[in-house]
Amino acid sequence: MSSSQQNSFSFRVYWRFIDEHAERFAPNPRMRSIVSGWLRRSDANKKMVRESARQFLEVEVPHST
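To convert, count from 1 in the sequence shown and add 128; that's this note's numbering.
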């Protein structure tokens, strides 16, 4: 996997984490803008990020799903 592909997948895994913990992070002033940015994304974009992160984690970290 190239460095740019790795970064892309890492980016998607990051956003998956934000998505999964948005309710917990939202009250935190430092995280609020990050959560808001995620929530403003289109449903199609969020779906693509979730699916891509899921696929990556299945291959790279089989025990995580």
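A virtual CB, placed ideally from N, CA and C, is assigned to each residue, including glycine.
Burial state of residue i, where buried means 16 or more other Cβ atoms lie within 10 Å
{"i": "R140", "result": "buried"}
{"i": "V177", "result": "buried"}
{"i": "V189", "result": "exposed"}
Euclidean distance between Cα positions of residue i and residue j
{"i": "R158", "j": "A181", "result": "24 Å"}
{"i": "W166", "j": "E148", "result": "11 Å"}
{"i": "E179", "j": "F137", "result": "11 Å"}
{"i": "D155", "j": "S161", "result": "What sits at residue 155 in the sequence shown is Pro, not Asp. Distance between the alpha carbons of P155 and S161: 10 Å."}
{"i": "K174", "j": "R152", "result": "18 Å"}
Distance CB(residue i)-CB(residue j) smaller than 8 Å
{"i": "V163", "j": "A172", "result": "no"}
Next on the checklist: Could you check whether the segment 141 to 160 touches the segment 176 to 185, counting it as contact only if at least three pairs of C-beta atoms, one from each stretch, sit closer than 8 Å?
Outcome noted: yes
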